[in-house]
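**Q** Counting from 1, position 124 in the sequence shown corresponds to residue 446 in our numbering; the numbering is continuous, with no gaps.
The structure is given below, and queries will be raised subsequently.
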Amino acid sequence: MKKVTSGEFLVIIGICGGTASGKTTFTKKLLTEVNPSFIVHMEHDFYYFNRKNLPDFLKKIRNFDHPESLDNELFVNHIKALQKNESIHQPIYDFTTDSRKEETTLIRPKPIILVEGILIFSIEELRKICDIKVYIDTSDDIRLARRVLRDTKERGRSVDSVIHQYLEAVRPMHNQFVAPSKHHADLIISGNTENYIGIDLLVTKINAHIRHLKREHWKQKIAKSKGKS
Numbered sequence: 323m324k325k326v327t328s329g330e331f332l333v334i335i336g337i338c339g340g341t342a343s344g345k346t347t348f349t350k351k352l353l354t355e356v357n358p359s360f361i362v363h364m365e366h367d368f369y370y371f372n373r374k375n376l377p378d379f380l381k382k383i384r385n386f387d388h389p390e391s392l393d394n395e396l397f398v399n400h401i402k403a404l405q406k407n408e409s410i411h412q413p414i415y416d417f418t419t420d421s422r423k424e425e426t427t428l429i430r431p432k433p434i435i436l437v438e439g440i441l442i443f444s445i446e447e448l449r450k451i452c453d454i455k456v457y458i459d460t461s462d463d464i465r466l467a468r469r470v471l472r473d474t475k476e477r478g479r480s481v482d483s484v485i486h487q488y489l490e491a492v493r494p495m496h497n498q499f500v501a502p503s504k505h506h507a508d509l510i511i512s513g514n515t516e517n518y519i520g521i522d523l524l525v526t527k528i529n530a531h532i533r534h535l536k537r538e539h540w541k542q543k544i545a546k547s548k549g550k551s
């Protein structure tokens, strides 16, 4: 764990896995089990470049599954700012237009940072930042079915375009970058069904950390009160 300027201890948890593996569902369930005043959620997906700014070799086949499709420098800088107890303005990405919105989201620092994304373990600097690395391992057929449902319902895509993109970009990028990064994980969890055991393991770890923070907080208050007397 890292010490931050506020005097509290910071822990960063990375949640990785292929497209539509269940990362977001897992993360949302996890967040409902943890006191929200202690945890902040950082999604790598919000840091995609605008499609027009992608390198040509990615733009032609609508490839958003290559490490160069994301502004990794900004993402790392934002996480490091939170580590320094600084607030950030997180971009908002619109997947219906493949571009960032003009508005941003103000994110304030908290002692636990949950970092989520398909490529976070394949990028060394992001991988090194994470204290706990969790990989959601889900079979290809389930991920494809989930992606088709998600992109047609939520992003206005046609079934043909989703499958074409999957075959041309998503699957080869998964095999090249995402799947090999699994060996960096501290914990591998099946995403084929709801995994309550995996959530319970992380919740136990996080809540133990929160209890530690509270103890440290009261120790500091007692020390300050003794210093004034």
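Quick reminder that beta carbons are idealized off the backbone N, C-alpha and C, glycines included.
#1: Could you tell me which of 388, 423 and 373 sits nearest to residue 381, measuring between CA atoms?
#2: If you follow the beta strand (DSSP E) that residue 423 is in, where does it begin and where does it stop?
#3: Would you report the Cα separation of residue 468 and residue 522, rounded to the nearest angstrom?
#4: According to DSSP, is residue 339 part of a helix, a strand, or is it coil?
#5: Give me the Cβ distance between residue 364 and residue 436, rounded to the nearest whole Å; I'm assuming they're in contact under 8 Å.
#6: Can you tell me whether residue 489 is buried or exposed? The criterion is at least 16 other CB atoms within 10 Å of its CB, across all chains shown.
#7: Starting from the Cα of residue 392, find the closest Cα among 448, 345 and 532 and give me that residue.
#8: Contact between the stretch 337-354 and the stretch 408-418 is defined here as three or more beta-carbon pairs at a separation below 8 Å; is this criterion met?
#9: What is the DSSP secondary structure of residue 409, reduced to helix, strand or coil?
#10: Give the DSSP bridge partners of residue 438, in chain order.
#11: Is there contact here, the stretch 473-488 with the stretch 352-367, by at least three beta-carbon pairs under 8 Å?
#12: Contact between the stretch 458-472 and the stretch 393-406: three or more CB pairs below 8 Å?
#13: Using a 10 Å radius around the Cβ and a threshold of 16 neighbouring Cβ atoms, would you call residue 500 buried or exposed?
#14: Under 6 Å Cβ to Cβ from residue 492, same chain only, skipping five residues before and after it: list those, please.
#15: Please report the residue range of the alpha helix (DSSP H) in which residue 345 lies.
#16: Could you pull the start and end residues of the alpha helix (DSSP H) that residue 470 belongs to?
#17: Please report the straight-line C-alpha distance between residue 479 and residue 465, rounded to a whole angstrom.
#18: Among residues of its own chain, excluding the 5 on either side of residue 376, which ones have a beta-carbon nearer than 7 Å to its beta-carbon?
#19: If you run the structure through DSSP and keep just helix, strand and coil, what is residue 480?
#20: Alpha helix (DSSP H) containing residue 451: first to last residue?
#21: Is it buried or exposed, residue 516, if we count other Cβ atoms within 10 angstroms and call 16 or more buried?
#22: Report the CB separation of residue 335 from residue 454 in whole angstroms; it is logged as a contact under 8 Å.
**A** Reading from the atomic positions:
#1: Position 59 of the sequence shown, counted from the first residue, corresponds to residue 381. The shortest Cα separation from residue 381 among 388, 423 and 373 belongs to 373.
#2: Mapped onto the sequence shown, residue 423 falls at position 101. Note, residue 423: beta strand (DSSP E), 421-429.
#3: Here residue 468 refers to the residue found at position 146 of the sequence shown. Here residue 522 refers to the residue found at position 200 of the sequence shown. One C-alpha to the other measures close to 24 Å.
#4: Mapped onto the sequence shown, residue 339 falls at position 17. Strand, per DSSP.
#5: For the purposes of this step, residue 364 is identified with residue 42 of the sequence shown, where counting begins at 1. For the purposes of this step, residue 436 is identified with residue 114 of the sequence shown, where counting begins at 1. Indeed, because the Cβ distance is near 7 Å, the residues count as touching under 8 Å.
#6: Indexing the sequence shown from 1 puts residue 489 at position 167. Exposed, because fewer than 16 other Cβ atoms sit within 10 Å of the Cβ of residue 489.
#7: Reading the sequence shown from its first residue, position 70 is the one you call residue 392. Residue 392 has its Cα closest to that of 448, out of 448, 345 and 532.
#8: By the criterion of at least three beta-carbon pairs nearer than 8 Å, the stretch 337-354 is not in contact with the stretch 408-418.
#9: To locate residue 409, count along the sequence shown from 1; it is residue 87. Coil at residue 409, not helix or strand.
#10: The count along the sequence shown starts at 1 and reaches residue 438 at position 116. Its beta-bridge partners are 337 and 365.
#11: With contact defined as three or more Cβ pairs closer than 8 Å, the stretch 473-488 and the stretch 352-367 are not in contact.
#12: no
#13: In the sequence shown, counting from the first residue as 1, residue 500 sits at position 178. Label assigned to residue 500: buried.
#14: As a working note, residue 492 is residue 170 in the sequence shown. Excluding sequence neighbours, residue 492 sits near 341 and 387.
#15: Taking the first residue of the sequence shown as 1, we reach residue 345 at position 23. Here the alpha helix (DSSP H) through residue 345 covers 345-354.
#16: The residue given as residue 470 occupies position 148 in the sequence shown. First-last of the alpha helix (DSSP H) with residue 470: 462-476.
#17: Numbered from 1 along the sequence shown, position 157 holds the residue referred to as residue 479. Numbered from 1 along the sequence shown, position 143 holds the residue referred to as residue 465. Whole-angstrom Cα-Cα distance: 16 Å.
#18: Indexing the sequence shown from 1 puts residue 376 at position 54. 391.
#19: For the purposes of this step, residue 480 is taken as the residue at position 158 of the sequence shown. Under the three-state reduction of DSSP output, residue 480 falls in the coil class, being neither helix nor strand.
#20: By one-based count along the sequence shown, residue 451 stands at place 129. 446-451 is the extent of the alpha helix (DSSP H) around residue 451.
#21: The residue you call residue 516 lines up with position 194 of the sequence shown. Classification of residue 516: exposed, given that the 10 Å Cβ count is below 16.
#22: To locate residue 335, count along the sequence shown from 1; it is residue 13. To locate residue 454, count along the sequence shown from 1; it is residue 132. Going by Cβ atoms, the distance from residue 335 to residue 454 rounds to 5 Å, so yes, they are a contact pair.
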